[in-house]
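Trainee: My questions will all concern the structure given below.
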Amino acid sequence: MENRKEFLERREQLPKERRLRENLADLFLSGEISGKRARTLYQDAGDAKAVHVSDVAGDTDHNAHRDVLRKLLSNSRWPDLFECDVPVYDTKTDKESVAKLFMMLPHELVDTVIRWNKDSIDKFASMEHLRPELAKKMEEIRSFFEASSASGSSTAPLISIALWADGVPIKGDRSESLEMVTMSFPGLGVRQDIRIPLTVMNKKFFLKGGKTWDAVFKVLSWSCHSLLSGFFPSHESNGTLLQGKRAKLAGRPMHARGALVEIRGDWSMLKASFRMPAWNEKRCCCFVCKATPETMRDLGPTAPWRTQLWETSDLLVHMLDLHKNCSPIFEAPFVDIRTFCIDWLHCCDLGVCQDYLGNAMFLMSTKMPADNHEKRVQLLFDDIRQYYVTNRCDNQLGALTPLMIRKKASKSPKLRSKAGEARSLVDWVVMACDKYLQGYGLSSEESTCRMASKHLQACYRNLSREAFDADDLAFHCKQFLHLYMALEEAVQPDARWRYKPKMHVWLHVCEMARSSPSMWWTYRDESFGGSSLELNSFC
């Protein structure tokens, strides 16, 4: 879906006589006006002798939304939706049932997009803009094909694709969510931000244990096999013959081949969708290595978990042992444990950073010259607002209350904010620590908190693709975590500065990154999900 800036850029390339139609279509499809309003606008434009609008106007307000939508999408060049049966939870009977789910298939999307953009196929196939880890993966796949080439195999260009899966809150009170899967092209340079929705379904219909997700990824895995082969399939994932248009395409070569090289999502989604080890498991609390709640605190070069990184085969055995099955996504060609990304947004911005900010704010609030905690927090927020004015921050906290810093005394402080709001406070907290935590001994909580803020800031500076330094990121991450654990030990038995599994996972991000984590964080995915929420609210 286009944002307003993208539409305005495209508008200049349209013939002048079609701009009004496209402008009205964008207003309607983006949810800014209703179907009835869109119909009357098209009608009024036609009465004013405007061209290319009267066919959308219709002659009645009855089912206007449906009729306008059908007309605007009637000549769509996108492939038809694929229909499949998936097991779901029936909210009425409280039992398992079967429902129809509609999906876009990756192999059909890639073929369609490349067919539209034949002149740009080299840009899709280029590895220039891929992060090093993905470029290496694509080289391995291409080498595999070169070594096993046979007569009759496809010679179409090979491009990379990525998937994102997560939940998008819906309804005014955000009490429900849509589970969404999208596809993108990570090597497409400035256009790698494009997101194509594959399927969505309300979370309340998903079965516990992952059976619904398994059915979804069974279809996507089958589609990825066809995509890599370069030929349209003749059978569905369950072995039945395809029908209609798809049957006629069976066996025909596609305009490009593709490989799934990246899967993004937060830890909660990786656990629910793919059965990855969870943060609260005693047996193993990391999906990158076999660290336990006891060993995850060891940051040294001889830490046991450093020689116990998950191999795909070991991970699948672990899943089978614990859950009796594993996700069908591992049936997709070349998908392994390294295909799954650790997302900076969720593990740091919404994890490590918020934990540190909450604890640092709690500590600094005790230094404020006021007679109660609420007033002290307000003084701290006044300092933040002055920082916003001076530095013109885009993502700003609208308020700061004691409960946003610490919900209750038995819980470790953690700033309740949006990811961007937390990230924009990293530079502020360094200045605030220097301002409010000066004059304490080197081994004091205050001095340690000040030092930790500078190491966290150094980690964030490596989000710049131009300034990224792998060794620098790993060094400052470890220094920060050492100080954080020292703070946890120093304040015992108070439940502050609590070291969490997400911090261990963040260490993996910082030590394994060969390019800036901003190259694969999920901000664009979350933004697309938010746009989808607006459409859902409108519909």
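Under this note's numbering, the first residue of the sequence shown is numbered 1336, with each subsequent residue one higher. Positions of the beta carbon are idealized from the N, C-alpha and C atoms, including for glycine. Keep in mind the model is a prediction, meaning the values are calculated, not measured.
(1) In chain order, which continuous runs of the beta strand (DSSP E) of length 3 or greater are located wholly inside the segment 1436–1522?
(2) Where do the ends of the beta strand (DSSP E) carrying C1419 lie?
(3) For the beta strand (DSSP E) containing P1532, list its first residue and its last residue.
(4) Please say whether Q1689 and K1749 have beta carbons closer to each other than 7 Å?
(5) Within the continuous alpha helix (DSSP H) that includes V1761, where are the two ends?
(6) What does a CB cutoff of less than 8 Å around A1491 pick up in its chain, not counting 5 residues either side in sequence?
(7) Who are the near neighbours of G1524 in its chain, counting only those whose CB is closer than 6 Å to its CB and skipping five residues on each side?
(8) Is R1741 buried or exposed, if buried means 16 or more other CB atoms sit within 10 Å of its CB?
(9) Sort S1662, A1767, G1755 by Cα distance to K1702 and report the nearest one.
(10) Helix, strand or coil: which one does DSSP assign to G1381?
(11) Are the segment 1560–1580 and the segment 1606–1625 in contact at 8 Å, needing three or more beta carbon pairs?
(12) Could you check what DSSP says for S1782 in three-state terms: helix, strand or coil?
(13) Tell me the DSSP secondary structure of A1434 in three-state form.
(14) Does the segment 1551–1570 come close enough to the segment 1656–1672 that 3 or more CB-CB pairs lie under 8 Å?
(15) Can you check the segment 1533–1595 for any alpha helix (DSSP H) of at least 4 residues that lies completely inside it and give the ranges in chain order?
(16) Looking at C-alpha atoms only, which residue of S1745, T1725, R1796, E1781 is the closest neighbour of R1758?
(17) In angstroms with no decimal places, state the Cα-to-Cα distance between M1439 and L1404.
(18) If we count the other Cβ atoms within 10 Å of its Cβ and call it buried at 16 or more, is R1374 buried or exposed?
(19) Taking the Cβ atom as the reference point for each residue, do A1626 and H1442 lie within a distance shorter than 7 Å?
(20) Determine the DSSP secondary structure at L1651, reduced to helix, strand or coil.
(21) Just checking my contact of E1357 with R1346 at CB under 8 Å: how many whole Å lie between their CB atoms?
(22) How many angstroms separate the CA atom of G1600 from the CA atom of I1368?
(23) Roughly how many angstroms separate the alpha carbons of E1341 and L1359, rounded to a whole number?
(24) Going straight from the alpha carbon of Q1721 to that of H1708, what length do you get?
(25) Buried or exposed for P1521, please, with buried defined as at least 16 other CB atoms from any protein chain shown within 10 angstroms of its CB.
(26) Can you give the Cα-Cα distance for M1536 and V1421, rounded to whole angstroms?
(27) Does L1644 come out as helix, strand or coil in the three-state DSSP assignment?
(28) Determine which residues share a DSSP beta bridge with C1624 and list them.
(29) Less than 7 Å between the beta carbons of G1285 and E1514, yes or no?
(30) The alpha helix (DSSP H) with T1701 in it runs from where to where?
(31) If you reduce the DSSP assignment to three classes, tell me which class E1616 lands in.
(32) Can you tell me the Cα-Cα spacing of H1681 and T1857, whole angstroms?
(33) Would DSSP call E1344 helix, strand or coil?
(34) In terms of residues, what are the limits of the alpha helix (DSSP H) holding P1737?
(35) Per DSSP, which one or two residues make a beta bridge with F1675?
(36) What's the C-alpha gap between S1747 and G1586?
Mentor: Taking the geometry as given:
(1) 1493–1505, 1511–1519
(2) 1417–1425
(3) 1531–1537 is the span of the beta strand (DSSP E), which, as asked, contains P1532.
(4) yes
(5) Annotation for V1761: the continuous alpha helix (DSSP H) segment containing it runs 1761–1771.
(6) G1565, P1588, M1589, H1590, A1591, R1592
(7) Excluding positions up to five away in sequence, the list reads H1464.
(8) With 16 or more neighbouring CB atoms inside 10 Å of its own CB, R1741 falls in the buried class.
(9) For K1702, the closest of S1662, A1767, G1755 by C-alpha to C-alpha distance is A1767.
(10) helix
(11) no
(12) helix
(13) In this structure, DSSP gives A1434 an extended state, which the three-state scheme calls strand.
(14) yes
(15) 1546–1564, 1580–1584
(16) If we check each option's Cα against that of R1758, R1796 comes out closest.
(17) Near 19 Å, if we compare the C-alpha coordinates of L1404 and M1439.
(18) buried
(19) no
(20) helix
(21) The beta-carbon distance between E1357 and R1346, rounded to whole angstroms, is 7 Å. This is short enough to meet the 8 Å contact definition.
(22) Their Cα atoms are separated by approximately 32 Å.
(23) 15 Å
(24) 20 Å
(25) Buried, by the Cβ-count rule.
(26) Taking the straight line from one Cα to the other gives about 11 Å.
(27) Strand.
(28) According to DSSP, C1624 bridges with L1644.
(29) The question about residue 1285 has no answer here: the residues shown for the chain are numbered 1336 through 1874.
(30) T1701 -> no alpha helix (DSSP H), and no H or E assigned at all.
(31) coil
(32) 8 Å
(33) Helix at E1344.
(34) Residues 1737–1740.
(35) Partner residues in the beta bridge of F1675, as assigned by DSSP, are I1598.
(36) Cα-Cα distance, rounded: 59 Å.
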